[in-house]
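What follows is a short report on a single structure.
There are 2 protein chains.
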Amino acid sequence: MDVKTLCLGALTLGNASGYEIKKMFEEGPFAYFHQAGYGSIYPALGKLCEEGLVSMQEHEQDGRPDKKVYGLTAKGKTALEGKLTMQPAKDKVRSEALVMFFLAEHMDAEHLRKVFDGYLACYRDNLECVNSLDDKGVSPHRLFVRGFGKAFYQAAVSYMEENSHLLFAETDLRKTGASK
Amino acid sequence: MDVKTLCLGALTLGNASGYEIKKMFEEGPFAYFHQAGYGSIYPALGKLCEEGLVSMQEHEQDGRPDKKVYGLTAKGKTALEGKLTMQPAKDKVRSEALVMFFLAEHMDAEHLRKVFDGYLACYRDNLECVNSLDDKGVSPHRLFVRGFGKAFYQAAVSYMEENSHLLFAETDLRKTGASK
DNA sequence: CATGATATATATCGAATTGATATATCTGCG
DNA sequence: CGCAGATATATCAATTCGATATATATCATG
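Respectively, the protein sequence lines represent chains A and B. If you count by the working numbering, then the first sequence holds residues 13 to 192, one letter each, in order. If you count by the working numbering, then the second sequence holds residues 13 to 192, one letter each, in order.
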């Protein structure tokens with residue numbers, strides 16, 4: 013699934029600028045399961061415009077550069093529906109923190125602790141963030157996706173809270189002599 | 013974390029060829045939290061060799077091309093330890109299936125069902141696969157990482173089993189007239 | 001026994017993506 | 001008043017992806 017398809021998908025939520033689409037991947041509805049940066053969004057919108065799959069309207073703004081608001085055309089909607097008939101690729105996770113934990117024996121104990129604390133804090137934030145969303149009026153499909161994210165964050169936080177000893181056991185023993 | 017660093021990390025598990033490193037990301041220990049393809053692994057190993065961070069030894073083989081087995085040098089181990097002092101980037105998930113579920117209203121009901129069934133089956137496989145691993149003799153750090161994967165897979169499978177109705181509710185109503 | 005699929009093994013290449021940066025201005029805070 | 005952060009578009013080098021090429025062994029299937 014390329015960024016062009018993702019942009020078409022984002023525009024089904026309503027007209028938006030490149031900047032706003034970026035935010036959908038950063039903090040918005042797509043944040044939990046996909047990402048895209050300016051460097052791929054702006055060229056993608058340009059190409060989609062050329063192909064007639066999206067329309068563009070410039071809104072003058074004082075000071076800031078003109079806002080270019082894109083919208084899905086009928087042709088674009090059809091193209092998106094076509095893309096959605098494919099088989100989705102397998103999920104891809106890339107977690108530098110887990111790589112580091114895996115290689116923890118090559119790490120300084122203090123830094124390991126710092127990385128762990130940051131990682132847990134991050135997942136707690138994510139969880140709190142999803143939990144604070146209002147589900148009223150959200151379509152069941154999207155609640156399914158949101159719930160999936162919630163379940164994942166919850167599982168991650170619980171697991172870390174219950175199993176941190178696996179990462180710190182040896183260090184603790186060395187430092188305190190004995191601790192459970 | 014670039015592929016060069018990942019290769020150094022993979023080589024801490026023992027000497028390996030590019031092909032074997034790829035498999036570590038495909039089915040092996042890294043499969044659950046990172047990935048890398050030939051197109052990045054082979055150039056990375058070449059560069060690491062030039063920089064003296066890994067050593068290389070060719071093993072003749074009958075028929076198949078010579079196997080090039082790489083090993084971590086002392087300099088390489090130091091370089092890896094240096095890389096592991098950084099702050100890890102945020103986890104990145106990209107799930108085409110979740111994008112599709114999010115946009116399910118634009119999809120054919122039959123295809124949606126097929127995608128869902130495939131997705132659930134895939135996570136069940138993953139879970140079974142991790143559960144069948146033997147934990148004996150594995151260091152606690154690595155058990156932590158493995159357990160994290162297990163927790164995630166378990167959460168995904170349970171969530172999908174319990175909440176599929178959110179994706180199919182409307183369709184079911186249309187087709188059967190009423191079904192809970 | 002032939003055929004085809006899968007595994008071993010390295011390597012390359014165009015296309016896509018990342019991540020950082022440049023530019024310019026407004027808003028809100030202390 | 002200054003400074004950080006938000007708004008907004010855009011580009012670019014470096015990296016990564018995904019597919020493909022090459023060559024052979026092995027294993028199952030009809």
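Backbone N, C-alpha and C fix where the C-beta goes; we use that ideal spot for every residue, glycine too. From a predicted model like this one, the values you see are computed outputs, not experimental measurements.
Since residue i is in the beta strand (DSSP E), which residue starts that stretch and which ends it?
i	result
B/Glu39	Unbroken run through B/Glu39: none, as it is neither H nor E.
B/Leu155	Segment 152 to 175 is the alpha helix (DSSP H) holding B/Leu155; no beta strand (DSSP E) there.
B/Met68	66 to 71
B/Lys104	104 to 106
Taking the alpha-carbon of residue i as reference, which of the options has the nearest alpha-carbon?
i	options	result
B/Asn27	B/Tyr82, B/Gly49, B/Ile53	B/Tyr82
A/Asp137	A/Ala56, A/Cys61, A/Gly161	A/Gly161
A/Cys141	A/Phe156, A/Asp120, A/Gln166	A/Gln166
B/Thr90	B/Thr24, B/Val150, B/Tyr50, B/Val169	B/Thr24
A/Gly159	A/Asn143, A/Cys19, A/Cys61	A/Asn143
A/Ala56	A/Thr17, A/Thr85, A/Leu84	A/Thr17
B/Lys104	A/Tyr44, A/Gly40, A/Ala168, A/Cys19	A/Tyr44
A/Pro41	A/Val169, A/Ala168, A/Val150, A/Ala181	A/Val150
A/Glu122	A/Met13, A/Glu38, A/Ala168, A/Phe180	A/Phe180
B/Cys61	B/Glu38, B/Phe37, B/His46, B/Cys19	B/Cys19
A/Leu145	A/Gly58, A/Glu39, A/Glu32	A/Glu39
B/Met13	B/Asp78, B/His46, B/Phe37	B/His46
B/Gly94	A/Met112, A/Asp78, A/Gly94	A/Met112
State the CB to CB distance for the pair residue i and residue j, rounded to an integer number of angstroms; the pair is presumed to be in contact (CB under 8 Å).
i	j	result
A/Glu117	B/His153	6 Å
A/Tyr50	A/Lys35	Incorrect: roughly 11 Å between the Cβ atoms, too far for contact.
Tell me which residue opens and which closes the alpha helix (DSSP H) that residue i is part of.
i	result
B/Gly88	86 to 95
A/Thr17	15 to 23
A/Asn143	121 to 143
A/Glu62	50 to 62
Does the separation of the CB atoms of residue i and residue j fall below 8 Å?
i	j	result
B/Val15	A/Phe114	no
B/Asp147	B/Leu139	no
A/Gly21	A/Leu124	no
A/Gly30	A/Lys80	yes
B/Tyr171	A/Ala163	yes
A/Met119	B/Leu96	yes
Contact the region 119 to 135 of chain A vs the region 165 to 183 of chain A: 3+ CB pairs below 8 Å: Contact between the region 119 to 135 of chain A and the region 165 to 183 of chain A is established, with three or more Cβ pairs separated by less than 8 Å.
The region 115 to 130 of chain B in contact with the region 52 to 72 of chain A per 3-pair CB rule at 8 Å: no
Stretch pair the region 94 to 109 of chain A + the region 94 to 103 of chain B: three plus CB contacts closer than 8 Å: yes
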